[in-house]
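Protein chains in written order, with numbering that gives the first Met the number 0: chain V, 0 to 593; chain D, 0 to 312.
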Amino acid sequence: MAANSPLDLLACAALEPALGGILFIDLDPTLLAAYAEALAAGIEAVEGRAPVPVVLSSWTSEEQLWPHWGLTARRGVLTFAQRPGLLSEEPGRPAPLVVIPDLARVSTGVTRAAVSSIGAGVVHVERQDISVRWPPTARWIAACSRSDIPALSPHLLDRFQVRWDGARAEPLTRPLSDHLRRITSGEGRRRRPEFGGDALEMVLRANTGNASIRRSLALGRLARAVAERRSHPVVTRDDVIDAGELLGLARSTFLDPSALDGPDHPTAPTPSPREREESRDKPIGQPGEEPRQPVGGEQELAEISAPEIVAGGSTDLGYAASLYPEDDPEAVPEAKSLQWNAGGRLPVGRSGGAVIGHESAGDLRDLAVVPTLLRAFWRCRRADGTATRLHIIRDDLRRHRREHRAQRLLVLVLDHTARRDWDCSAGVAASLRWAYEQTAAVSVIEFGHRGAADELRPERYRARSVVDHRIMISFGRPPGIASPLAAAIDMADEELRRFMHRGWAAVHVARLVVVTDGRGNVPLEASADGHVSGRVGREGVDDALAAASGIANLRRVETTVVAPVPQQYRTLPEELALALGGTVTFVHGVEDAP
Amino acid sequence: MFDILPYPLIVGQTELREALEVAYVGRLGVLATGQRGTAKSTTIRAFSLLVHNDLPVTLPIGVTDDRVLGGWSVEALLGEQPRPEWQKGLLARAGKTGMLYVDEINLLDDHIVNLVLDAAATGILTVQRDHADLPTEQHEFALVGSMNPDEGPLRPQLLDRFALVVSVRDEGDPATRAEILRTLFAYDLHRTEPDSDFMAKATANAQVLRQRLHEARERCRGVACPPEIIEACAAAAAAFDVVGHRGEVTMLKAAQARAALDNVKVVEVRHLRAVAKPALIHRRQNVDSGTLRRWGQAEEERLDEILPASQTG
Numbered sequence: 000m001a002a003n004s005p006l007d008l009l010a011c012a013a014l015e016p017a018l019g020g021i022l023f024i025d026l027d028p029t030l031l032a033a034y035a036e037a038l039a040a041g042i043e044a045v046e047g048r049a050p051v052p053v054v055l056s057s058w059t060s061e062e063q064l065w066p067h068w069g070l071t072a073r074r075g076v077l078t079f080a081q082r083p084g085l086l087s088e089e090p091g092r093p094a095p096l097v098v099i100p101d102l103a104r105v106s107t108g109v110t111r112a113a114v115s116s117i118g119a120g121v122v123h124v125e126r127q128d129i130s131v132r133w134p135p136t137a138r139w140i141a142a143c144s145r146s147d148i149p150a151l152s153p154h155l156l157d158r159f160q161v162r163w164d165g166a167r168a169e170p171l172t173r174p175l176s177d178h179l180r181r182i183t184s185g186e187g188r189r190r191r192p193e194f195g196g197d198a199l200e201m202v203l204r205a206n207t208g209n210a211s212i213r214r215s216l217a218l219g220r221l222a223r224a225v226a227e228r229r230s231h232p233v234v235t236r237d238d239v240i241d242a243g244e245l246l247g248l249a250r251s252t253f254l255d256p257s258a259l260d261g262p263d264h265p266t267a268p269t270p271s272p273r274e275r276e277e278s279r280d281k282p283i284g285q286p287g288e289e290p291r292q293p294v295g296g297e298q299e300l301a302e303i304s305a306p307e308i309v310a311g312g313s314t315d316l317g318y319a320a321s322l323y324p325e326d327d328p329e330a331v332p333e334a335k336s337l338q339w340n341a342g343g344r345l346p347v348g349r350s351g352g353a354v355i356g357h358e359s360a361g362d363l364r365d366l367a368v369v370p371t372l373l374r375a376f377w378r379c380r381r382a383d384g385t386a387t388r389l390h391i392i393r394d395d396l397r398r399h400r401r402e403h404r405a406q407r408l409l410v411l412v413l414d415h416t417a418r419r420d421w422d423c424s425a426g427v428a429a430s431l432r433w434a435y436e437q438t439a440a441v442s443v444i445e446f447g448h449r450g451a452a453d454e455l456r457p458e459r460y461r462a463r464s465v466v467d468h469r470i471m472i473s474f475g476r477p478p479g480i481a482s483p484l485a486a487a488i489d490m491a492d493e494e495l496r497r498f499m500h501r502g503w504a505a506v507h508v509a510r511l512v513v514v515t516d517g518r519g520n521v522p523l524e525a526s527a528d529g530h531v532s533g534r535v536g537r538e539g540v541d542d543a544l545a546a547a548s549g550i551a552n553l554r555r556v557e558t559t560v561v562a563p564v565p566q567q568y569r570t571l572p573e574e575l576a577l578a579l580g581g582t583v584t585f586v587h588g589v590e591d592a593p
Numbered sequence: 000m001f002d003i004l005p006y007p008l009i010v011g012q013t014e015l016r017e018a019l020e021v022a023y024v025g026r027l028g029v030l031a032t033g034q035r036g037t038a039k040s041t042t043i044r045a046f047s048l049l050v051h052n053d054l055p056v057t058l059p060i061g062v063t064d065d066r067v068l069g070g071w072s073v074e075a076l077l078g079e080q081p082r083p084e085w086q087k088g089l090l091a092r093a094g095k096t097g098m099l100y101v102d103e104i105n106l107l108d109d110h111i112v113n114l115v116l117d118a119a120a121t122g123i124l125t126v127q128r129d130h131a132d133l134p135t136e137q138h139e140f141a142l143v144g145s146m147n148p149d150e151g152p153l154r155p156q157l158l159d160r161f162a163l164v165v166s167v168r169d170e171g172d173p174a175t176r177a178e179i180l181r182t183l184f185a186y187d188l189h190r191t192e193p194d195s196d197f198m199a200k201a202t203a204n205a206q207v208l209r210q211r212l213h214e215a216r217e218r219c220r221g222v223a224c225p226p227e228i229i230e231a232c233a234a235a236a237a238a239f240d241v242v243g244h245r246g247e248v249t250m251l252k253a254a255q256a257r258a259a260l261d262n263v264k265v266v267e268v269r270h271l272r273a274v275a276k277p278a279l280i281h282r283r284q285n286v287d288s289g290t291l292r293r294w295g296q297a298e299e300e301r302l303d304e305i306l307p308a309s310q311t312g
């Protein structure tokens with residue numbers, strides 16, 4: 000029976016530095032610390048140096064992660080000193096072992112650090128006169144609740160390809176380090192196993208879906224660690240199968256697809272819980288272990304139940320959807336992890352947008368290091384232009400002045416063709432009031448009016464606030480004929496992402512108001528090409544619905560479709576609202592108002 | 000020692016590799032846009048190690064403006080004998096190497112983007128900040144970027160600064176995927192053994208390729224563009240409704256570089272055809288959206304009509 004306990008996974012992780020992040024799903028919170036401790040001991044056994052455990056959480060700021068300047072008292076005077084970050088690495092010093100108790104609630108700085116460090120060949124830091132780079136060797140383990148995974152960015156999940164279901168978790172009963180020392184002691188670590196063609200084929204066969212190549216790399220490297228534990232000089236097919244089991248892969252995944260064509264597969268009995276328990280207690284991966292029968296052909300069919308169920312694993316071929324939700328081609332997770340202010344808060348020490356100057360500091364937040372030092376320098380400077388070693392006094396302290404940026408956004412999409420004999424103001428008034436009260440920035444996307452520069456393309460302008468005179472002019476435009484609704488929805492999607500995903504002071508909350516009857520008559524491609532070719536049919540409507548799906552997955556966006564009380568095509572605004580993940584408000588026209 | 004796969008060992012990503020090589024020879028910029036896990040950054044870094052013997056000057060997410068433009072050295076101010084000492088920024092460093100790499104470029108703060116845009120557009124860097132008034136300097140560099148379009152589009156003004164744009168996709172061919180894994184697993188084992196057959200072969204291939212690229216770069220400016228090539232270039236730009244004239248200019252420069260790589264002295268239509276897609280894909284009229292428009296079979300066929308591969312100038 001294969002060895003698939005957490006201890007086995009951690010042993011493999013200790014042996015294989017390039018495995019990437021390990022994500023434990025629905026893990027008993029008390030176990031993560033124990034697993035981290037065991038992994039640290041395992042790494043020490045393999046590499047001869049224990050890593051430094053570093054716990055990262057929702058309150059870890061970007062400044063704490065990377066090298067930075069901090070105020071410090073030296074020889075009785077206040078000055079600045081460079082401090083290493085939690086993720087800093089230097090030659091000859093132990094690397095960090097990063098532990099994240101809840102990956103879904105970690106700060107944005109940590110998320111960006113994970114994306115830019117795990118599996119990267121180099122980390123660059125260019126901040127406040129600090130310019131350093133190093134090859135990252137930190138190991139990362141994290142935990143996360145199953146229900147939170149679909150909301151995580153695929154970018155982040157891509158760095159955690161090894162996932163372990165908490166349902167299979169168990170306390171560690173024996174030290175990891177003893178076993179690993181046996182492998183790496185004596186004549187020193189043997190040469191790591193090479194990959195054979197068969198094993199490579201098995202790794203590729205496991206990747207049946209939409210997974211990135213990092214998944215195959217993780218499986219292959221895990222298999223190599225399994226082989227190393229067994230003192231195999233070459234990675235075998237069985238090593239790959241057992242590594243797959245560590246990832247929750249059903250053994251049937253590795254069957255040759257052609258072998259599955261038969262009507263009935265002979266099935267071997269699934270081992271009882273007792274048999275599984277016994278198998279766990281057996282020594283694993285010992286040198287001289289009996290090689291198992293090769294997998295393939297009739298032998299394969301006789302040995303492997305199809306499908307065999309591993310807790311938290313797939314009952315079908317391939318990786319379990321509950322552990323790897325991003326494999327679903329239809330999945331469009333909310334891309335939040337790389338944006339700032341995901342939790343509605345600015346990073347520690349940040350108070351706004353881009354730096355536009357500096358000012359006297361009343362406290363120690365967001366200090367401007369260079370202006371503070373320059374001020375101290377001018378104060379300490381002697382007549383001959385030289386200065387003694389700088390000490391900083393309270394009057395020297397300067398902090399950044401930052402550009403004000405609105406933290407609320409209203410995106411207003413106006414389909415003027417729908418506004419024929421209809422006053423939509425009752426439907427948009429609440430949002431305009433909200434924008435006024437919140438001093439929200441406003442983006443207006445409008446189309447379908449007479450005098451448009453190009454009737455097949457929407458137009459956009461950005462206003463600093465809702466009192467911008469152009470907005471009232473927009474509400475008075477005479478309706479035209481063409482309705483490039485799809486291009487307008489696409490543009491609204493870009494606008495929301497642009498404001499919500501970029502920079503230090505990205506927008507926290509946005510409202511999208513789409514004033515339309517849903518009757519888009521210009522396909523997306525026609526808007527791009529600048530001309531309509533052939534019959535359009537429902538294409539414009541369908542394109543708009545497709546474009547809307549991207550917006551539905553954005554968090555912190557409240558969407559409303561404002562539509563005239565319909566004479567016909569009532570379902571179109573409703574379909575659009577549904578696709579946008581919002582609500583629809585029908586407003587009576589001027590003539591038929593109650 | 001950085002753990003970057005040597006450039007000759009990169010499998011697949013043919014379009015990106017070709018674009019990087021053409022861009023290096025023609026002193027142009029490249030944007031690689033594509034999904035996660037497609038080795039965009041690895042390929043770019045490996046290419047820089049190949050041609051510059053060093054990693055690219057990199058502008059990472061979270062960079063501060065003093066590092067971009069330059070600023071007073073904190074260490075010099077904190078020394079035993081404090082003095083204001085100007086520390087050059089990444090733009091100046093990029094001017095020396097000729098390349099500035101921006102990872103996750105679509106996530107950069109707008110004000111940092113503006114700084115890069117100005118310098119990339121003009122090649123001129125004028126710094127007046129923190130009581131410093133520095134003489135104007137000339138810093139020309141090729142802007143190389145990578146991004147994941149899932150995180151949002153790029154500002155059209157910045158998109159326009161890239162001579163070539165490549166849409167990078169996962170390698171779908173099973174044989175290529177197998178070769179990628181085979182290479183990476185072998186690299187895992189041999190990367191610390193420069194004398195191993197595996198690494199020695201990669202090093203030898205790198206030397207040959209580096210030499211070829213340097214020679215092509217030297218002769219690139221001497222490659223002639225006959226009038227009919229210029230006319231064909233203009234026709235292609237017009238057929239694709241290209242905004243402005245930068246598209247034609249960069250397409251011609253890229254075609255010159257392609258010809259130099261082929262070691263011929265005159266640009267032929269096939270060279271234009273080879274660089275047309277990456278030179279035009281991001282320049283087609285698309286209002287003020289930064290999203291790349293679809294490029295499919297119809298576009299390829301239209302290019303085949305305008306720039307038939309059999310025509311030789």
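Backbone N, C-alpha and C define an ideal beta-carbon position, used for all residues, glycine too.
These figures come from a predicted structure and were not determined experimentally.
Tell me which same chain residues have a C-beta within less than 8 Å of the C-beta of D:A22, skipping the five on either side of it? For the purposes of this step, residue 22 of chain D is taken as residue 23 along the second sequence, with counting starting at 1. So the qualifying residues of the chain are G28, V29, A141, V143, A162, L163, A253 and A256.
Please decide whether D:V73 counts as near chain V, where near means a Cβ-Cβ distance under 8 Å. Reading the second sequence from its first residue, position 74 is the one you call residue 73 of chain D. Answer yes: the Cβ-Cβ gap between D:V73 and chain V drops below 8 Å somewhere.
Quickly, what does DSSP pair D:Q137 with across the bridge? List them, please. Residue 137 of chain D sits at position 138 when you count from the first residue of the second sequence. DSSP, once it has assigned bridges, lists D:I123 as partnering D:Q137.
Residues that V:T582 contacts on chain D, provided the C-beta gap is smaller than 9 Å: Looking up residue 582 of chain V in the first sequence gives position 583. Simply none; closest approach about 25 Å.
Whose C-alpha, out of D:Y186, D:L8, D:A91 and D:E20, is nearest the C-alpha of D:A119? Indexing the second sequence from 1 puts residue 119 of chain D at position 120. Selected option, being the one with the closest Cα: D:A91.
8 Å contact criterion, which D:A177 and V:L199 should meet: CB distance rounded: Position 178 of the second sequence, counted from the first residue, corresponds to residue 177 of chain D. Position 200 of the first sequence, counted from the first residue, corresponds to residue 199 of chain V. In this structure D:A177 is in contact with V:L199, their Cβ atoms being roughly 6 Å apart against a cut-off of 8 Å.
Should the region 99-110 of chain V be called in touch with the region 384-398 of chain V, which here means at least 3 C-beta pairs below 8 Å? Not touching, per the Cβ criterion.
When you compare each of V:R569, V:Q567 and V:G356 to V:H403 by their alpha carbons, which one comes out closest? Working through the first sequence from its first residue, we reach residue 403 of chain V at position 404. When each option's Cα is compared against that of V:H403, the closest is V:G356.
Minimum Cβ-Cβ distance from D:V62 to chain V less than 8 Å: Reading the second sequence from its first residue, position 63 is the one you call residue 62 of chain D. Interface criterion met: the Cβ of D:V62 is under 8 Å from a Cβ in chain V.
Starting from V:G356, trace the beta strand (DSSP E) both ways and give me its first and last residue. Taking the first sequence and counting its residues from 1, the one referred to as residue 356 of chain V is at position 357. Secondary structure note for V:G356: its beta strand (DSSP E) is the uninterrupted segment V354 to S359.
Just to confirm my understanding: we take V:L26, look at its own chain, exclude 5 residues before and 5 after, and list those with CB closer than 6 Å. What are they? Numbered from 1 along the first sequence, position 27 holds the residue referred to as residue 26 of chain V. In its chain, beyond the 5 residues on either side, A142, G165 and A168 have a beta carbon closer than 6 Å to the beta carbon of V:L26.
Measuring CB to CB, does V:V354 end up less than 8 Å from D:D129? For the purposes of this step, residue 354 of chain V is identified with residue 355 of the first sequence, where counting begins at 1. For the purposes of this step, residue 129 of chain D is identified with residue 130 of the second sequence, where counting begins at 1. At the C-beta level, V:V354 and D:D129 stay beyond 8 Å of one another.
For D:T249, the first and last residue of its enclosing alpha helix (DSSP H): Within the second sequence, numbered from 1, the residue matching residue 249 of chain D stands at position 250. DSSP places D:T249 inside the alpha helix (DSSP H), whose first and last residues are R245 to L260.
If we count the other Cβ atoms within 10 Å of its Cβ and call it buried at 16 or more, is D:K39 buried or exposed? Along the second sequence, read from residue 1 onward, the residue named residue 39 of chain D stands at position 40. A buried status is given to D:K39, since no fewer than 16 other beta-carbon atoms sit within 10 Å of its beta-carbon.
Exposed or buried, what is V:M471 when buried is set at 16 or more other beta-carbons lying within 10 Å of its beta-carbon? Along the first sequence, one-based indexing puts residue 471 of chain V at 472. V:M471 should be labelled exposed.
Bridge partners of V:F79, per DSSP? Reading the first sequence from its first residue, position 80 is the one you call residue 79 of chain V. DSSP output for V:F79 lists V:L70 as bridge partner(s).
Beta-carbon gap between V:R132 and V:V121 smaller than 8 Å: What you label residue 132 of chain V is simply residue 133 of the first sequence in a count that begins at 1. What you label residue 121 of chain V is simply residue 122 of the first sequence in a count that begins at 1. For the pair V:R132 and V:V121, the CB atoms are nearer than the 8 Å cut-off.
Against chain D: residues of the region 209-220 of chain V by CB proximity under 8 Å: When C-beta distances to chain D are compared with 8 Å, the residues of the region 209-220 of chain V below that value are S211, I212, R213, S215, L216, G219 and R220, in chain order.
Just grab the DSSP bridge partners of D:R128 for me. Counting from one through the second sequence, the residue named residue 128 of chain D turns up at place 129. As DSSP reads the structure, D:R128 sits in a beta bridge with D:A131.
Quick check: the Cα distance between V:I117 and D:V126, rounded to an integer number of angstroms? Translated into the one-based positions of the first sequence, residue 117 of chain V becomes position 118. Translated into the one-based positions of the second sequence, residue 126 of chain D becomes position 127. Straight through space, the alpha carbons of D:V126 and V:I117 are spaced by roughly 36 Å.
Whose Cβ in chain V lies nearer than 7 Å to the Cβ of D:E79? The residue given as residue 79 of chain D occupies position 80 in the second sequence. Per Cβ cutoff of 7 Å: R388.
Using a Cβ-Cβ distance cut-off of 8 Å, determine whether V:G120 contacts chain D. By one-based count along the first sequence, residue 120 of chain V stands at place 121. By this cut-off, V:G120 is an interface position.
Distance, D:T37 Cα to V:D157 Cα: Residue numbering aside, residue 157 of chain V sits at position 158 when the first sequence is read from its first letter. Residue numbering aside, residue 37 of chain D sits at position 38 when the second sequence is read from its first letter. Cα to Cα, V:D157 sits roughly 11 Å from D:T37.
Against chain V, with Cβ distances strictly below 8 Å, would D:I179 count as a contact? Here residue 179 of chain D refers to the residue found at position 180 of the second sequence. Closer than 8 Å to some Cβ of chain V, the Cβ of D:I179 qualifies, so yes.
C-beta atoms of D:D149 and V:P153 nearer than 8 Å: Translated into the one-based positions of the second sequence, residue 149 of chain D becomes position 150. Translated into the one-based positions of the first sequence, residue 153 of chain V becomes position 154. Contact flag set, yes.
Would V:V92 and V:P66 be called neighbours here (beta carbons separated by less than 8 Å)? For this step, residue 92 of chain V is matched to residue 93 along the first sequence. For this step, residue 66 of chain V is matched to residue 67 along the first sequence. Here residue 92 of chain V turns out to be Arg, not Val, going by the sequence shown. With respect to V:P66, V:R92 sits apart: the two C-beta atoms are not nearer than 8 Å.
How should V:L363 be labelled, buried or exposed, when 16 other C-beta atoms within 10 angstroms of its C-beta is the threshold for buried? Your numbering for residue 363 of chain V matches position 364 in the first sequence. Using a 10 angstroms sphere on the CB of V:L363, the tally of other CB atoms stays under 16, which defines it as exposed.
Test: V:T78 CB closer than 8 Å to a CB of chain D: Taking the first residue of the first sequence as position 1, residue 78 of chain V is located at position 79. Cβ-Cβ to chain D under 8 Å: yes for V:T78.
Is V:T59 helix, strand or coil when you go by DSSP? Taking the first residue of the first sequence as position 1, residue 59 of chain V is located at position 60. Residue state, collapsed to three classes: coil.
Burial state of V:V561 (16 or more Cβ within 10 Å): Walking along the first sequence from the start, residue 561 of chain V turns up at place 562. The residue in question, V:V561, is buried, as its Cβ has 16 or more Cβ neighbours within 10 Å.
Opposing strand residues paired with V:H448 [DSSP bridges]: Position 449 of the first sequence, counted from the first residue, corresponds to residue 448 of chain V. According to DSSP, V:H448 bridges with V:P478.
Using the C-alpha atoms, what's the distance from V:I488 back to V:G581? Reading the first sequence from its first residue, position 582 is the one you call residue 581 of chain V. Reading the first sequence from its first residue, position 489 is the one you call residue 488 of chain V. Taking the Cα positions, V:G581 is about 13 Å away from V:I488.
Inspect the beta-carbon positions of D:Y100 and D:L158 and report whether they are closer than 8 Å. If you number the second sequence from 1, residue 100 of chain D lands on position 101. If you number the second sequence from 1, residue 158 of chain D lands on position 159. No, they are not a contact pair.
Residues of chain V with CB closer than 7 Å to the CB of D:Q296, please, in chain order. Here residue 296 of chain D refers to the residue found at position 297 of the second sequence. Against chain V, the beta carbon of D:Q296 has no neighbour under 7 Å; the closest one sits roughly 14 Å away.
So for D:F239, helix, strand or coil by DSSP? Here residue 239 of chain D corresponds to residue number 240 of the second sequence, with the count starting at 1. DSSP places D:F239 in coil when its eight states are reduced to three.
Please return the same chain residues whose Cβ sits closer than 8 Å to the Cβ of V:A49, not counting the five positions on each side in sequence. As a working mapping, residue 49 of chain V is identified with position 50 in the first sequence. Within the same chain, Cβ atoms closer than 8 Å to the Cβ of V:A49 are found at A39, A40, I42, E43 and P93, the five residues on either side in sequence being excluded.
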